[in-house]
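Visitor: Here it is: the structure, laid out below.
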Amino acid sequence: MANGLEPSRLHSSDAFRTAAVGLQTRKLRAALSALGIMIGIAAMVGVLGLSESSKSDLLAQLDRLGTNLLTVQAGTGIGLGSGELPDEAAAMIARIGPVETTSTVSSVSASVYRTDYIPEGETGGITVQAVDVNLLDTLAGSVADGKFLDAATSAYPTAVLGSVAAERLGIADVTGTQQIWLGEQWFTVIGVLNQFELNPDLDRAALIGFGSAADYLDHDNVATSLLVRADPDYIDDVMGVLSATANPQNPEEVQVARPSDALEAKEAADDAFTALFLGLGAVALLVGGVGIANVMVISVLERRSEIGLRRALGATKRHVAVQFLGEALLLSVAGGIGGVALGWLVTGVYANIKGWATLIPPLAIGGGIAAALLIGAIAGLYPAIRAARLSPTEALRSA
Amino acid sequence: MTTTMSAGAVAPVPGAGVVLSLHGVTKEYPTTPPVRALQGVDFAVTEGELVGVVGPSGSGKSTLLHIMGTLDRPTAGEVTVAGYNLADLSDKDLSALRSRHIGFVFQQFHLLSGYTALDNVADGLLYTGMNVATRRGLAHRALARVGLEHRLDHVATKLSGGERQRVAVARALVGSPSIVLADEPTGNLDSKNSDAIVDLIRQINGDGVTFVVITHNREIAEAFPRTIGLRDGQIEYDSGVR
Ligand SMILES: Nc1ncnc2c1ncn2[C@@H]1O[C@H](COP(=O)(O)OP(=O)(O)O)[C@@H](O)[C@H]1O
Ligand SMILES: [Mg+2]
Numbered sequence: 011m012a013n014g015l016e017p018s019r020l021h022s023s024d025a026f027r028t029a030a031v032g033l034q035t036r037k038l039r040a041a042l043s044a045l046g047i048m049i050g051i052a053a054m055v056g057v058l059g060l061s062e063s064s065k066s067d068l069l070a071q072l073d074r075l076g077t078n079l080l081t082v083q084a085g086t087g088i089g090l091g092s093g094e095l096p097d098e099a100a101a102m103i104a105r106i107g108p109v110e111t112t113s114t115v116s117s118v119s120a121s122v123y124r125t126d127y128i129p130e131g132e133t134g135g136i137t138v139q140a141v142d143v144n145l146l147d148t149l150a151g152s153v154a155d156g157k158f159l160d161a162a163t164s165a166y167p168t169a170v171l172g173s174v175a176a177e178r179l180g181i182a183d184v185t186g187t188q189q190i191w192l193g194e195q196w197f198t199v200i201g202v203l204n205q206f207e208l209n210p211d212l213d214r215a216a217l218i219g220f221g222s223a224a225d226y227l228d229h230d231n232v233a234t235s236l237l238v239r240a241d242p243d244y245i246d247d248v249m250g251v252l253s254a255t256a257n258p259q260n261p262e263e264v265q266v267a268r269p270s271d272a273l274e275a276k277e278a279a280d281d282a283f284t285a286l287f288l289g290l291g292a293v294a295l296l297v298g299g300v301g302i303a304n305v306m307v308i309s310v311l312e313r314r315s316e317i318g319l320r321r322a323l324g325a326t327k328r329h330v331a332v333q334f335l336g337e338a339l340l341l342s343v344a345g346g347i348g349g350v351a352l353g354w355l356v357t358g359v360y361a362n363i364k365g366w367a368t369l370i371p372p373l374a375i376g377g378g379i380a381a382a383l384l385i386g387a388i389a390g391l392y393p394a395i396r397a398a399r400l401s402p403t404e405a406l407r408s409a
Numbered sequence: 012m013t014t015t016m017s018a019g020a021v022a023p024v025p026g027a028g029v030v031l032s033l034h035g036v037t038k039e040y041p042t043t044p045p046v047r048a049l050q051g052v053d054f055a056v057t058e059g060e061l062v063g064v065v066g067p068s069g070s071g072k073s074t075l076l077h078i079m080g081t082l083d084r085p086t087a088g089e090v091t092v093a094g095y096n097l098a099d100l101s102d103k104d105l106s107a108l109r110s111r112h113i114g115f116v117f118q119q120f121h122l123l124s125g126y127t128a129l130d131n132v133a134d135g136l137l138y139t140g141m142n143v144a145t146r147r148g149l150a151h152r153a154l155a156r157v158g159l160e161h162r163l164d165h166v167a168t169k170l171s172g173g174e175r176q177r178v179a180v181a182r183a184l185v186g187s188p189s190i191v192l193a194d195e196p197t198g199n200l201d202s203k204n205s206d207a208i209v210d211l212i213r214q215i216n217g218d219g220v221t222f223v224v225i226t227h228n229r230e231i232a233e234a235f236p237r238t239i240g241l242r243d244g245q246i247e248y249d250s251g252v253r
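Residue numbers (my numbering), protein chains in the order written: chain A, 11 to 409; chain B, 12 to 253.
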């Protein structure tokens, strides 16, 4: 300084300490005012974490199930078709270059009962489907107990139950000899399946081989739907030609779908919720910011004499402003850190229940703390300026 | 008394021995109607003095203390502290001046709650830029000087009134200021503690510390080596050093 006076100085560690004083002496109030920020940040981190965790679970699921499955379904109803695909449909589709495998499903009009003395009609909504032995591989399905149909068992009165069908029939496993009354015949249950993630319709079915369908139930084995796996690189091209290939005369009577799309669509619906919760989190943050500003204004009023004292001890206006701004920042950062921890915890617990891996996007953590800091800075600015502008004599007289 | 300070002096005047001088100081508060709290106040304090300023309530004592302490600027007149003319200094400079050259003792003690006696005293050096170890070391010595070495780690606001004011005196002394200004330092104390604080001030003054003590208590003020009487914002009498 030109006049030889060494300027007042406040080390940053001391600035931190002065900022923390107010919080130490008013712990409950500090905790309550940080709570708003904490809830807001927790909501945002939790929502982003849950969305990320469920997305990664979906990606893992799609990876496992593959996105290259296409279903070809015969339409039913007036003008929609007979419910049957032309005889040569499977062969024609198999001839499309990028198609890797096809699997035929034929709906059998037969009822399934646990025993032969259950009244007719009480089928529990269980359908009977004649299927190829490659169905399980084509759908990336799995067996919960027993075995799937093979070339041998397909010719005999044996059945494999979808997960829902098994539950409704009260058959959990195939220990002993489980028999069901299927189309007025006794069929032996040789396997129970896990849920089909790509084709829930088959969960409600009793699956039998084409041989036994023809021999024991007098079924015509006409395809009602086809399951097609194709080269993922040409999946759109294959999708484009499937209906015309399956039924060249009436392509409009054929419905083609890609089941993995449904899974992705469900996730997209979740995104809408994510946006909603993020909005709610933002509102909580705003309320939290107002809370901090409010507490800081009160703090400045209550601590006028402290402000006066500090000015008398040589604090500049800036030192006073830094103290109160620092206090607001500490409050909001404490809320932010608490919020990240809480959001993390909520995500972890929920993901655990769902069997997902817990994934918190680093951006949500960094963003959460940064948002808390920003709000603290905005909320603390006005009270800090007020404290700095307070005249030292006024401040000292007020005590 | 000599108050030979050249107007506009920026650097300390060497050898003059004058720590504080007021020349024609007037303070008017811009209320409606305006209040003239001080009018034409002239006096100077030299190094090592112990001055009592006495006057009835409303006579302008606190206003005078604030101006001497550079917490407020006069409406007219000239003030120098430790050789610096207030008119030449920015608000930031005044903060620097206070942090190094002026110690304050207040009637309400103004100790920070939740802080120990040691940290309260160490905060007297907070804005000097000294590191915390140095500040604590000096604070320890200052507390020993006021007879509170056994209270270092006690929470200051839980001490007795007399002890609290001793902590405040230690805080005023800790930076070895050019002058200590006390505003009614015995105002919140019983007569026993009041006497003890006055004795402490005398004892510290005996070590060469310059004091201006403001009080409405004639007895206290007139027992000091020099007494200035204030009435209606004007100096009624100045005993000079007895
Ligand atoms: N900030 C202020 N605004 C207006 N008037 C004030 C202010 N401070 C003090 N006064 C007035 O100035 C006069 C002197 O006050 P003060 O310096 O506090 O006297 P004392 O300390 O001797 O009681 C009183 O009349 C008081 O009302
Ligand atoms: Mg007063």
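Idealized CB from N, CA, C, for every residue including glycine. Given the structure is predicted, the values throughout are model-derived calculations rather than measurements.
Does the Cβ of residue 144 of chain B have 16 or more other Cβ atoms within 10 Å, making it buried, or fewer, making it exposed?
Guide: So residue 144 of chain B ends up on the exposed side.
Visitor: Tell me, which residues are paired with residue 241 of chain B by DSSP?
Guide: B:246, per the DSSP bridge assignment.
Visitor: Should residue 227 of chain B be flagged as near chain E, meaning a C-beta pair shorter than 8 Å?
Guide: Absent from the structure is chain E; the protein chains it does hold are A and B.
Visitor: With H, G and I counted as helix, E and B as strand and the rest as coil, what does DSSP make of residue 370 of chain A?
Guide: Here residue 370 of chain A sits in coil by DSSP.
Visitor: Quick check: is the beta carbon of residue 357 of chain A nearer than 8 Å to any beta carbon in chain B?
Guide: Not one chain B Cβ lies under 8 Å of residue 357 of chain A.
Visitor: By Cβ distance, which residues of its chain are closer than 8 Å to residue 277 of chain A, with the 5 residues on each side in sequence left out?
Guide: Closer than 8 Å at Cβ, skipping near neighbours: 64, 65, 68.
Visitor: Are residue 173 of chain A and residue 213 of chain A close, meaning C-beta to C-beta below 8 Å?
Guide: Yes, they are a contact pair.
Visitor: Cα separation between residue 26 of chain A and residue 336 of chain A?
Guide: Each residue's Cα considered, the two are about 7 Å apart.
Visitor: Rounded to a whole number of angstroms, what is the C-alpha to C-alpha distance between residue 47 of chain A and residue 56 of chain A?
Guide: Those two C-alpha atoms are separated by around 14 Å.
Visitor: Please check if any C-beta of chain A sits within less than 8 Å of the C-beta of residue 124 of chain B.
Guide: Judged by the 8 Å Cβ criterion, residue 124 of chain B is in contact with chain A.
Visitor: Would you list the residues whose beta-carbon is nearer than 5 Å to any heavy atom of ligand 1, in the order they occur in the chain?
Guide: Counting every residue whose Cβ lies closer than 5 Å to a heavy atom of ligand 1, we get B:40, B:42, B:46, B:48, B:68, B:69, B:70, B:71, B:72, B:73, B:74.
Visitor: Assign residue 240 of chain A to one of two classes, buried (16 or more other C-beta atoms within 10 Å of its C-beta) or exposed (fewer than that).
Guide: When all chains shown are included, residue 240 of chain A counts as buried.
Visitor: Looking at the secondary structure, which residues open and close the alpha helix (DSSP H) in which residue 128 of chain A lies?
Guide: Neither: residue 128 of chain A is in no alpha helix (DSSP H) and is coded neither H nor E.
Visitor: Going by Cα to Cα distance, which pick from B:113, B:70, B:177, B:49 is closest to residue 91 of chain B?
Guide: Checked all of B:113, B:70, B:177, B:49; the closest Cα to residue 91 of chain B is B:113.
Visitor: Does DSSP put residue 157 of chain B in a helix, a strand or coil?
Guide: Three-state result, residue 157 of chain B: coil.
Visitor: Given 8 Å as the limit, is there contact between the stretch 383-391 of chain A and the stretch 47-65 of chain B, that is, 3 or more CB pairs closer than that?
Guide: Output reads no: the stretch 47-65 of chain B does not touch the stretch 383-391 of chain A.
Visitor: Going by alpha carbons, who is nearest to residue 347 of chain A out of A:370, A:115, A:378, A:230?
Guide: Nearest of A:370, A:115, A:378, A:230 to residue 347 of chain A, Cα basis: A:378.
Visitor: Applying the criterion that 16 or more other CB atoms from any shown protein chain within 10 Å of the CB defines a buried residue, is residue 225 of chain B buried or exposed?
Guide: Buried is the call here.
Visitor: Output, in sequence order along the chain, the residues in the stretch 15-42 of chain A whose CB is closer than 8 Å to any CB in chain B.
Guide: Against chain B - using a Cβ distance shorter than 8 Å - the residues of the stretch 15-42 of chain A are 15, 16, 17, 18, 19, 20, 21, 23, 24, 28, 31, 34, 35.
Visitor: Please return the same chain residues whose Cβ sits closer than 8 Å to the Cβ of residue 76 of chain A, not counting the five positions on each side in sequence.
Guide: Excluding sequence neighbours, residue 76 of chain A sits near 150, 239, 242, 270.
Visitor: Using DSSP bridges, identify the partner residues of residue 326 of chain A.
Guide: According to DSSP, which records beta bridges pairwise, residue 326 of chain A is partnered with nothing at all.
Visitor: Which residues of chain B have a Cβ atom closer than 8 Å to the Cβ of residue 312 of chain A, listed in chain order?
Guide: Near residue 312 of chain A there are no residues of chain B at all, since even the closest Cβ is about 11 Å away, more than 8 Å.
Visitor: Assign residue 214 of chain B to buried or exposed, taking buried as 16 or more other Cβ atoms, counted over all protein chains shown, within 10 Å of its Cβ.
Guide: Classification for residue 214 of chain B: exposed.
Visitor: Check each candidate in A:72, A:15, A:97, A:13 and name the one with the smallest Cα separation from residue 259 of chain A.
Guide: Checking every option, the nearest Cα to that of residue 259 of chain A belongs to A:97.
Visitor: I'd like to know if residue 14 of chain B contacts chain A, where contact means its C-beta is closer than 8 Å to some C-beta of that chain.
Guide: Caution applies to residue 14 of chain B, whose pLDDT of 41 falls short of 50 and renders its modelled position unreliable; the value that the coordinates give is listed next. Not an interface residue.
Visitor: Could you give the distance in angstroms between the alpha-carbon of residue 86 of chain A and the alpha-carbon of residue 187 of chain A?
Guide: The straight-line gap from Cα to Cα measures roughly 37 Å.
Visitor: So, at 7 Å on beta carbons, what are the nonlocal neighbours of residue 284 of chain A in its own chain, with the 5 sequence-adjacent residues on each side left out?
Guide: Taken in chain order, the residues that qualify are 57, 61.
Visitor: Rounded to whole angstroms, how far is the Cβ of residue 154 of chain B from the Cβ of residue 170 of chain B, which I believe are closer than 8 Å?
Guide: At roughly 11 Å, the Cβ-Cβ gap does not stay under 8 Å, so residue 154 of chain B and residue 170 of chain B are not in contact.
Visitor: By the three-class DSSP mapping on this structure, what secondary structure does residue 162 of chain A have?
Guide: The answer is coil: DSSP assigns residue 162 of chain A none of H, G, I, E or B.
Visitor: Between which two residues does the alpha helix (DSSP H) harbouring residue 226 of chain A extend?
Guide: Start and end: 220-227.
Visitor: Can you name the start and end residues of the beta strand (DSSP E) that residue 233 of chain B belongs to?
Guide: It is not in any beta strand (DSSP E) - residue 233 of chain B instead sits in the alpha helix (DSSP H) that spans 229-233.
Visitor: Is there contact here, the stretch 187-195 of chain B with the stretch 94-113 of chain B, by at least three beta-carbon pairs under 8 Å?
Guide: Result yes; three or more Cβ-Cβ pairs closer than 8 Å.
Visitor: Are residue 143 of chain A and residue 227 of chain A touching if we call contact CB-CB under 8 Å?
Guide: Contact flag unset, no.
Visitor: Given this structure, state the Cα-to-Cα distance separating residue 78 of chain B from residue 201 of chain B, to the nearest angstrom.
Guide: If you take the alpha carbons of residue 78 of chain B and residue 201 of chain B, they lie about 28 Å apart.
Visitor: Give the residues of chain A in contact with residue 83 of chain B, contact being defined as C-beta atoms less than 8 Å apart.
Guide: Ordered by position in chain A, the residues that pass the 8 Å Cβ test against residue 83 of chain B are 401, 402, 403.
Visitor: When Cβ atoms are compared, which residues of the stretch 317-328 of chain A fall closer than 9 Å to chain B?
Guide: Result list: 318, 319, 320, 321, 322, 323, 324, 325, 326, 327, 328.
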